[in-house]
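Undergrad: Counting from 1, position 159 in the sequence shown corresponds to residue 471 in mature numbering (1 follows the signal peptide of the UniProt record, and there is no 0); the numbering is continuous, with no gaps.
Please see the structure below; I have some questions.
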Amino acid sequence: DFELSDIEMKALDSLNRPDGGWGLPNPHEILDCNKMTEKSLAPHVIAKEIAPLGEGAMSLDDYKQLYAQSIADPSAFWSAEAQKRLDWFTPFSQGLAGDFHAGDVTWFAGGKLNVCYNAVDRHVLNGNGDQVAMVFEGDEPTDIRKITYLELQRKVSQIANALKMSGVRKGDVVTVYLPMIPELAMTMLACARIGALHSVVFAGFSAEALAQRISAAASKFLITADQGRRGGKSIPLKDIANAAREKLDCEELLEKVLVFERFYHPESELPYERMPKDVRMDELVAEQRPYCPPETMDSEDGLFLLYTSGSTGKPKGLMHTSGGYALYAAFTTQNTFDLREGDLFACVADCGWITGHTYVVYGPLLNGSTTFLFESTPVYPDPGRYWDMVQRHKITQFYTAPTAIRLLMRYGDEYPTKYDTSTVRVLGSVGEPINPEAFRWYFEVVGKSKCTVVDTYWQTETGGHVVTNFPGITPMKPGSCTLPSYGIATAVLDPLAGTPVTEPDEKGHYEGVLAISKPWPGMARTCINAHQRYLKTYLHVYKGYYFTGDSVILDQDGYHWIIGRVDDVLNVSGHRIGTAEVESALVAHGAVAQAAVVGQPHEIKGQSIAAFVMLVEGQSESEALVNELKNLVRKEIGGFASPDMILVTPSLPMTRSGKIMRRILRKIVCHEVDSLGDTSTLADPSIVDVLIEKVASFN
Ligand code: WT7
């Protein structure tokens, strides 16, 4: 039997420590489940057996050597990759320029290319026009569309021409609020084709949140659909978009609102209210020529914006570039997932998040592979949906989040066992640390102990994987995202000193915050219209480093164990939410004077939201008020951000200077009242017992 080492014990403990709220709350249960055989922990051997790597097969030593080379001269390493993996209209004259100090990083300066051309056209020109580029499976398992590269080129061209007709020009920001249908991926590619930046807003966001993103980017174009469908229910996207237009300066800004109709029929009755500036997109698209010449873009021209939550303030619009991002997406998709000819790559994330951008659209298509688009949920029509799809489509790589695995585990082994999943070689995990129990189930029950499970650590800001194992190369350790990817110089910093932790602790481990010391092509270059904020958040926290916001333990093998965010960013079912955003939604209610939000461990979601609210004079607590507050968060952000627990409290634990001590609230909701620390600095220390009592009596 395999014995856990000290570091693994410690990291598992921290992984599951209620404080961080990551993973399951009971470490002992998990340690039991983690008594795996040695064999299952070294599945690189197994991966090799079932998927011989053939020419170019690499060992762990090869990885170490190539990694060292990539870190020694990132500019040379990535220049060679950029020449190999991308078609350039004009070759670049320089690899890396700029640095973290000045915040002026550029990759492949002087190079001209078009990312849509690279993702679509060149495969048609190479004679692969008949290959399926996308397999779409809608909410209903019978709703399947297969689109070849040639069809994709035509359809994307038509959409691109429709955008041009509607006035979209190079450099414009196009807000995309669409369900997970092929038109979403095609619209992203169409924007890339004409040099417009897409800003995809996840269709689970509310009208308020959509309006905020349109306004922040001064976007003149909105693309939406009549409705989306999930789990048999329809989502009235156009109604939500209409509501967004009434907020902020949206109606003033917007020149055109282009509407795809989910089940288009020219004569069918519209299930939504038309507004001025609306364009029926399917009609406009049908009239367009199926070829649109791709715009020539500079390597450093923006490819897209993606808004993401930070610890303070409004979401920030991170900008990714054309050359660097595209290379990084292509490179990581191939290496992390051992992508080969004939593969059907399935990332079941929504394009509303970075995972969908990089691993549904850009990564697989830039590699000329076949990508899978999934509109529904893991439990519709039943919890066998994923494995049924794997069997029917012969999926070779399957990529999802720990929260989905934990959810499906609850329904038992029966579902994955019922289906033939033997085509899968690589199972991927992303979004939060995967707790070993979920890892075991994924590996043994879904993968039948024959697949590599890649635990991919990365962020919206990193563009693609930065720490991950590689199939057939890196031995796995459940719960650890293992070793850095090529060109990624990770560093463990002392959070206070800001310098690398050089002295290991008595067990030979390094604990600190995770940073990266050298630029890589996939890194976001700025927050749109807020470069100072970009510098302040990522590059000037620790001089000379990119700061991830996560804490980490590095074990004696150099394996990375992510503990969790050190800032006030929550991770609920893989959705990134800033505590400040939820708090500002809550205080928007007239009855609320002040609010404080913290994360609480949740068996399936990883974290759930706990909110403490102080009411204004004369207001009193009621069930109705709590419901109003939950609805308000839904309205301001979206359903996924709604708190599981809202407690009305006479006051909050504050310092005498008025700073809310969230640390104390976190300990209270995690039932860690023995380690509250010093509470004597609180303006009113007696509030602690009141809150402990309240939390205890919340059923
Ligand atoms: C945060 C980034 C990037 C894809 C989805 C989330 C956490 C992500 C892992 C992992 C441990 C992980 C981190 C990170 N995270 N993947 N494999 N192991 N933690 O993107 O919304 O930008 O969130 O997700 O805390 O900082 P995101």
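Backbone N, C-alpha and C fix where the C-beta goes; we use that ideal spot for every residue, glycine too.
Given the structure, does Asn438 come close to the ligand WT7, in the sense that its CB is under 7 Å from one of the ligand's heavy atoms?
TA: No, the beta carbon of Asn438 sits no closer than 7 Å to any heavy atom of the ligand WT7.
Undergrad: Given a cut-off of 8 Å, decide if Val436 and Gln465 are closer than it, judged by their beta-carbon atoms.
TA: The answer is yes: Cβ separation under 8 Å.
Undergrad: Do Phe616 and Glu567 come within 8 Å of each other at the CB atom, strictly closer than that value?
TA: Result no, Cβ atoms of Glu567 and Phe616 do not sit closer than 8 Å.
Undergrad: Expressed to the nearest angstrom, what Euclidean distance is found between the alpha-carbon atoms of Leu522 and Val1007?
TA: Distance between the alpha carbons of Leu522 and Val1007 is about 34 Å.
Undergrad: Here's the rule I'm using: 16 or more other beta-carbon atoms within 10 Å means buried, otherwise exposed. How should Gly791 be labelled?
TA: Flag for Gly791 reads buried.
Undergrad: Please work out which residues of its chain come closer than 8 Å, Cβ to Cβ, to Leu651, disregarding the five sequence neighbours upstream and downstream, and give them in chain order.
TA: Cβ within range, chain order: Thr645, Phe657, Pro676, Asn679, Ser681, Gln709.
Undergrad: One question on the structure: do Gly740 and Val766 come within less than 8 Å of each other, judged by their Cβ atoms?
TA: Yes. Within cutoff.
Undergrad: Taking 7 Å as the cut-off, is the beta-carbon of Glu744 closer than that to any non-hydrogen atom of the ligand WT7?
TA: Flag set: Cβ of Glu744 near the ligand WT7.
Undergrad: Report the rounded CA-to-CA distance for Val928 versus Ser969, giving the unit in angstroms.
TA: For Val928 and Ser969, the distance between alpha carbons rounds to 20 Å.
Undergrad: Contact defined as beta carbons within less than 8 Å: I believe Val878 pairs with Pro965. What is the distance between those atoms, to the nearest angstrom?
TA: With a Cβ gap of about 20 Å, Val878 and Pro965 do not count as contacting.
Undergrad: Quick one: is the Cβ of Asp862 within less than 7 Å of any heavy atom of the ligand WT7?
TA: Yes, the Cβ of Asp862 comes within 7 Å of a heavy atom of the ligand WT7.
Undergrad: Would you mind stating whether Trp419 and Gly636 have Cβ atoms separated by less than 8 Å?
TA: It is a contact, given that the beta carbons lie within the stated cut-off.
Undergrad: Tell me which residues share the same chain as Cys428 and place their Cβ nearer than 7 Å to its Cβ, disregarding the 5 neighbours each side in the sequence.
TA: Excluding residues within five positions, the ones whose Cβ falls inside 7 Å are Val468, Leu501, Ala504, Arg505, Pro606.
Undergrad: Is the beta carbon of Tyr822 within less than 7 Å of some heavy atom of the ligand WT7?
TA: No, since every heavy atom of the ligand WT7 falls outside the 7 Å radius drawn around the Cβ of Tyr822.
Undergrad: Name the residue from Leu408, Leu378, Gln381 whose alpha carbon lies nearest to the alpha carbon of Trp832.
TA: Looking at the Cα atoms, Leu408 is the closest of the given residues.
Undergrad: Please return the same chain residues whose Cβ sits closer than 6 Å to the Cβ of Arg978, not counting the five positions on each side in sequence.
TA: Correct list, in chain order: Val910.
Undergrad: Could you tell me which residues DSSP puts in a beta bridge with Glu449?
TA: In the DSSP output, where bridge partners are listed per residue, Glu449 has Ile456, Phe686.
Undergrad: Which residues does DSSP pair with Val444 in a beta bridge?
TA: Thr460, per the DSSP bridge assignment.
Undergrad: By Cβ distance, which residues of its chain are closer than 7 Å to Asp416, with the 5 residues on each side in sequence left out?
TA: Excluding sequence neighbours, Asp416 sits near Gly410.
Undergrad: Nearest CA to the CA of Glu726: which residue from Asp694, Lys706, Val742, Val738?
TA: For the residues Asp694, Lys706, Val742, Val738, the minimum Cα distance to Glu726 belongs to Asp694.
Undergrad: Between which two residues does the alpha helix (DSSP H) carrying Pro386 extend?
TA: Pro386 -> alpha helix (DSSP H) spans 386 to 397.
Undergrad: Is the separation between the beta-carbon of Ile459 and that of Ala445 shorter than 8 Å?
TA: Yes, the Cβ-Cβ distance between Ile459 and Ala445 is below 8 Å.
Undergrad: How big is the Cα-Cα spacing for Pro494 and His705?
TA: Using only the alpha carbons, I get a separation of about 17 Å.
Undergrad: Less than 8 Å between the beta carbons of Glu687 and Gly450, yes or no?
TA: A contact, by the Cβ cut-off of 8 Å.
Undergrad: Let me confirm a value: Pro690 is counted as buried when at least 16 other C-beta atoms fall within 10 Å, else exposed. Which label applies?
TA: The residue in question, Pro690, is buried, as its Cβ has 16 or more Cβ neighbours within 10 Å.
Undergrad: Thinking Thr487 and Ile526 are a contact (beta carbons under 8 Å), I'd like their distance in whole angstroms, please.
TA: That belief holds up - the Cβ atoms of Thr487 and Ile526 are roughly 5 Å apart, short of 8 Å.
Undergrad: Leaving aside the five residues before and after Thr838 along the sequence, list all residues of the same chain whose C-beta is less than 7 Å from its C-beta, in chain order.
TA: Hits under 7 Å: Met631, Tyr846.
Undergrad: Thinking just about the alpha-carbon of each residue, which of Val925, Leu882, Ile552 is nearest to the one in Gln912?
TA: Closest option to Gln912, Cα to Cα, is Leu882.
Undergrad: Could you check whether the Cβ of Gln771 sits closer than 7 Å to any heavy atom belonging to the ligand WT7?
TA: Result yes, Cβ under 7 Å from the ligand WT7.
Undergrad: Taking its Cβ as the centre, do 16 or more other Cβ atoms sit within 10 Å of Pro588, making it buried, or is it exposed?
TA: By the 10 Å Cβ count, Pro588 comes out exposed.
Undergrad: Give me whichever residues DSSP pairs with Asn883 in a beta bridge.
TA: DSSP lists Arg888 as partners of Asn883.
Undergrad: At what residues does the beta strand (DSSP E) containing Ser863 begin and finish?
TA: Per DSSP, Ser863 belongs to the beta strand (DSSP E) from 858 to 866.
Undergrad: Quick check: what's the CA-CA separation for Ala638 versus Gly834?
TA: Distance between the alpha carbons of Ala638 and Gly834: 8 Å.
Undergrad: By the three-class DSSP mapping on this structure, what secondary structure does His914 have?
TA: Correct three-state label for His914: strand.
Undergrad: When DSSP builds the beta bridges, which residues end up paired with Phe657?
TA: In DSSP, Phe657 forms a bridge with Thr683, Gln709.
Undergrad: How is the alpha helix (DSSP H) around His843 delimited, first residue to last?
TA: Segment 843 to 846, the alpha helix (DSSP H) holding His843.
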